[in-house]
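What follows is one structure encoded as structure tokens, with my remarks underneath.
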Amino acid sequence: MNYVTAGGVTIGLILLGYQVVSWWPGRKPLTRDPIKHLSKLLPFLLSWAYGCLTTLGVGGAVGWISGTVLGLSNWLGDVALFWGVGERGGQMAAAKTFVPLSGPGTCLVLILTACFIAAVKKAGEGDQASVLKRGAWCGITLGTSANVAGFAAMPLALAVNWLGDRAYGAL
Numbered sequence: 001m002n003y004v005t006a007g008g009v010t011i012g013l014i015l016l017g018y019q020v021v022s023w024w025p026g027r028k029p030l031t032r033d034p035i036k037h038l039s040k041l042l043p044f045l046l047s048w049a050y051g052c053l054t055t056l057g058v059g060g061a062v063g064w065i066s067g068t069v070l071g072l073s074n075w076l077g078d079v080a081l082f083w084g085v086g087e088r089g090g091q092m093a094a095a096k097t098f099v100p101l102s103g104p105g106t107c108l109v110l111i112l113t114a115c116f117i118a119a120v121k122k123a124g125e126g127d128q129a130s131v132l133k134r135g136a137w138c139g140i141t142l143g144t145s146a147n148v149a150g151f152a153a154m155p156l157a158l159a160v161n162w163l164g165d166r167a168y169g170a171l
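Take the sequence shown: its position 11, counted from the start at 1, is 11 in the numbering used here, and no numbers get skipped.
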């Protein structure tokens, strides 16, 4: 299982904060048309969910890339904490409710990987591609942490396992 450090969680929260601040339309526009404005967060949330899934016991190339991104984020965040504010990093508690993906669940993650790559390619080099990549990176860093984002991984993993079981159980 991948582990996350205080620096990794910090990087994830920085990514989340950047996205929320970039997205924030203001109180009045949000109250006038909440569906329109909240729907603009959907690509980030979907790519966050994908990134989170890649940390939940997925192996192979997808798991290796996810683990590498998490390891680099841990290192980068720990260095930033130490040199930026004089705080020591270190391993954080993993979510106690960790639910690994089942065989069919990991098959579904492979399908989602192809969809994620297609979405990034379709978005091109613009802001939308950055939003998708930022969301996946944020999901990788926060997916196994013992905070609200980490707890969100449990129902996400259960849902993907259930969908995978239904899709592959029918074969």
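For glycine and all other residues, C-beta sits at the position ideal for the given N, C-alpha and C.
In the segment 116 to 152, which residue ranges form an unbroken alpha helix (DSSP H) of at least 4 residues, counting only runs that do not cross its ends? 127 to 142
Take N74 and list the residues in its own chain whose beta-carbon comes closer than 6 Å to its own, dropping the five residues that flank it on each side. T5, G7 and G8
Do V58 and T106 come within 8 Å of each other at the CB atom, strictly closer than that value? Against a cut-off of 8 Å, the Cβ pair of V58 and T106 comes out as a contact.
What separation, rounded to the nearest whole angstrom, lies between the Cα atoms of V21 and G169? When rounded, the distance between both Cα atoms is 43 Å.
CB of L156 within 8 Å of CB of L38, strictly: no
DSSP three-state call for T55: helix, strand or coil? Look at T55 here: in three-state DSSP terms it is coil, with no helix or strand label.
Under 6 Å Cβ to Cβ from T175, same chain only, skipping five residues before and after it: list those, please. This structure leaves residue 175 out entirely; the chain is present only between 1 and 171.
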